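Asker:
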Amino acid sequence: MDAQAVLRSVLVLLLHVILTAAQFKRVCYYSGWSLYRDKERGLAPEDIDPYLCTHIVYAYATLDDTGTRIIVPDGYKAEELNLFRRFHSMRAKNDDLVMMLSIGGWATDSKLFSKTVSSQENMQIFAGEAINYLRKHDFDGLDIDWQFPATRGSPPEDVERYYRFLRLVQWEFEHEEEPDDKSTLILTIAVDPTVERASISYDLPRYSRWVNWINMKMFDFYGHWDDPTVANHHSALYSAKDPKNVNNLSRYWVNKGVPRHKIVLGLPMYGRSFSLANTNYTQPGAPALGPGSDEGDGYPIAQLCHLIKNGAREMLIADKRVPYVVIGDEWIGYDNPESIKQKARIAFNNFLGGVMIWTLDMDDHRGACGRPYPLINAALDGLNARHGYKELITNALQDQAQQAAAKKEIYRQRALGWEMQDKQEQIHNQQRGGRRRGW
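Numbering (mature numbering (1 follows the signal peptide of the UniProt record, and there is no 0)), first residue to last: -22 to -1, 1 to 417.
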């Protein structure tokens, strides 16, 4: 390669690095129950670093009995509405921050969403009411977390109805007569990206046309709800044997036709625990009795980091490249800064839309074990969001060199395989007294 070709490659790389580093989304969910956690883990909106994320999503609002109007959950109405105002106070520090509202989650009955999409009239009412609600409470967009179309009382027809619903809502958002100082409302969806779930509940390549992006939950692949008798990690980075991993699912949806820039990878700020059946068997896949002390709610890193800091031994699942720890009879699979960084690096290297954080309050936001927000900051490092251009180019060149070396090794292995095959055929032909023929 001549000097001019090298220079062109470097300039193209520089342009890519500058543009992508600026455009990656860092979508952070803030749970409405954050304030109600214990004192060590509770997180008030005023205490959030407003520069960690490009988008902050409040979770969750829900639907009324008709499925056409957004409401806040029963029991927290006064606090929740006040929380909205406190939530938006972050804009005073960072006016580029995009604030969104998520409706749904597991606590919202799937049959309510089924009502929403059951008729053109209901869809139309919902769209109008949603615009009014979002503008009234100063949100910049809507995230829909329907768990799940075609299950939990929702009929199979809802998969297609959901498509028509998203198309209608996006059209209404785009044709709203916006206030002078407001941008067009954003529409996103949050989904379980596993093939088993998506084949039943979604048509993501078609849905992607009508949403700004898709928050793909790259976690909870396994848990007590799936098989409580086996201790499995819930968010593998890689795996040669199990397709439920971040790298494989990212590639799968790109190949299925979801635009790269609309794929936002969900990263968990928590682990999943199991109670071991026998403390002599602690390897991944060991027999379990059910969920551990988190009782299926997840083990926040803000809590888990104390155990590791106090001497619990962190171990790595080699093929999945994620850590786990065993404490007594409890097995906990989780993410550390390195595994989170590598997951974010998948988004960076493959031109995806960015990363999603679930949730802000579950990371070590107080810095009790060291650096505040260790996992979120690791994700930013993976996206090169905290580096200058010199570091960005260095990292990108290193990534390219690693990829080139990996490809070279693959070709070398193939060449060795072909050479061995040729030798075997040569020996075989000599033994037969024959001659190798081409095609």
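Glycine residues also receive a C-beta, built at the ideal position from the N, C-alpha and C atoms.
Since the model is a prediction, treat every value here as computed from it, not as a measurement.
#1: Distance, Cα to Cα, K287 vs Y302?
#2: Note down the Cα distance separating K222 from A214, rounded to an integer number of angstroms.
#3: Do the stretch 74 to 87 and the stretch 119 to 134 meet, that is, are 3 or more Cβ pairs less than 8 Å apart?
#4: If we count Cβ pairs, one from each stretch, closer than 8 Å, do we get three or more for the stretch 346 to 360 versus the stretch 250 to 262?
#5: When you compare only the Cα positions, how much space is there between L330 and A296?
#6: Tell me the DSSP bridge mates of G274?
#7: How long is the line joining the alpha carbons of N226 and Y312, rounded to whole angstroms?
#8: Does Y367 come out as helix, strand or coil in the three-state DSSP assignment?
#9: Report the rounded CA-to-CA distance for M68 versus A363, giving the unit in angstroms.
#10: T172: which of F117, R229, I354 and H33 sits nearest, CA to CA?
#11: On the DSSP bridge assignment, give the partners of T166 in chain order.
#12: Can you say whether D52 is buried or exposed, counting buried as having 16 or more other CB atoms within 10 angstroms of its CB?
#13: Just list the alpha helix (DSSP H) runs in the stretch 106 to 160, keeping only unbroken ones of 4 residues or longer that don't cross its boundaries, in chain order.
#14: Closest to D170 by C-alpha separation, out of T162, I164, S179 and L163, would be which residue?
#15: For the alpha helix (DSSP H) containing C283, list its first residue and its last residue.
#16: Report back the beta-carbon spacing between E238 and N328 to the nearest angstrom; my notes put them in contact at under 8 Å.
#17: Is T44 buried or exposed, if buried means 16 or more other CB atoms sit within 10 Å of its CB?
#18: Counting beta carbon pairs with one atom in the stretch 179 to 188 and one in the stretch 242 to 254, are three or more of them shorter than 8 Å?
#19: Using only CA atoms, which one of H284, Q320 and P278 lies nearest to G360?
#20: Thinking C-beta only, is L21 closer than 8 Å to D342?
#21: Quick one: residues in its chain with C-beta nearer than 8 Å to the C-beta of R344, no 5 flanking neighbours on either side, listed in chain order?
#22: Which runs of the beta strand (DSSP E) fall wholly inside the stretch 200 to 252 and span at least 3 residues, in chain order?
#23: Just checking, does the stretch 148 to 163 make contact with the stretch 130 to 140 on the three C-beta pairs under 8 Å criterion?
#24: Could you pull out every residue in the same chain whose Cβ sits closer than 6 Å to the Cβ of I103, ignoring the five residues on either side in sequence?
#25: Can the beta-carbon of P23 be found less than 8 Å from the beta-carbon of L75?
#26: Measuring alpha carbon to alpha carbon, tell me which of P269, F151, P127 and F143 ends up nearest S97.
#27: Using the DSSP secondary-structure output, state which residues sit across from V333 in a beta bridge.
#28: Evaluate L165 with the Cβ neighbour count: other Cβ atoms within 10 Å of its Cβ, from every protein chain shown; 16 or more gives buried, anything less gives exposed.
#29: Rounded to a whole number of angstroms, what is the C-alpha to C-alpha distance between T32 and M194?
#30: Let's test the definition: count the other Cβ atoms within 10 Å of the Cβ of D204 and tell me whether it reaches 16, buried, or not, exposed.
#31: Three-state secondary structure (DSSP) at M196?
#32: Tell me T40's beta-bridge partners as DSSP assigns them.
#33: Where do the ends of the beta strand (DSSP E) carrying Y302 lie?
#34: Can you tell me where the beta strand (DSSP E) with A266 in it begins and where it stops?
#35: Could you have a look at L21 and say whether DSSP puts it in helix, strand or coil?
#36: Looking at the structure shown, is S97 part of a helix, part of a strand, or coil, going by DSSP?
Answerer: Result, derived from the coordinates:
#1: 14 Å
#2: 7 Å
#3: Because the criterion of three Cβ pairs below 8 Å is met, the stretch 74 to 87 and the stretch 119 to 134 touch.
#4: no
#5: 25 Å
#6: According to DSSP, G274 bridges with nothing at all.
#7: Using only the alpha carbons, I get a separation of about 19 Å.
#8: With a pLDDT of 45 at Y367, under the threshold of 50, the predicted position of this residue should be treated as unreliable, and no value is reported.
#9: In this model, M68 and A363 are separated by some 20 Å (Cα to Cα).
#10: Of the candidates F117, R229, I354 and H33, the one whose C-alpha sits nearest the C-alpha of T172 is R229.
#11: Its beta-bridge partners are D121 and W191.
#12: exposed
#13: 136 to 152
#14: S179
#15: Counting along the chain, the alpha helix (DSSP H) containing C283 begins and ends at I279 to K287.
#16: According to the sequence displayed, residue 238 carries Arg and not Glu. Right, their Cβ atoms sit about 7 Å apart.
#17: exposed
#18: no
#19: Q320
#20: no
#21: E18, A280 and P350
#22: 241 to 246
#23: No, the stretch 148 to 163 is not in contact with the stretch 130 to 140.
#24: Cβ neighbours of I103 within its own chain (closer than 6 Å, five residues either side excluded): T46.
#25: The answer is no: Cβ separation not under 8 Å.
#26: The residue with the shortest Cα to Cα distance from S97 is F143.
#27: R4 and L243
#28: Buried.
#29: 17 Å
#30: So D204 ends up on the exposed side.
#31: coil
#32: Note: T40 sits in a beta bridge opposite I49.
#33: V300 to I305 is the span of the beta strand (DSSP E), which, as asked, contains Y302.
#34: A266 to P269
#35: coil
#36: coil
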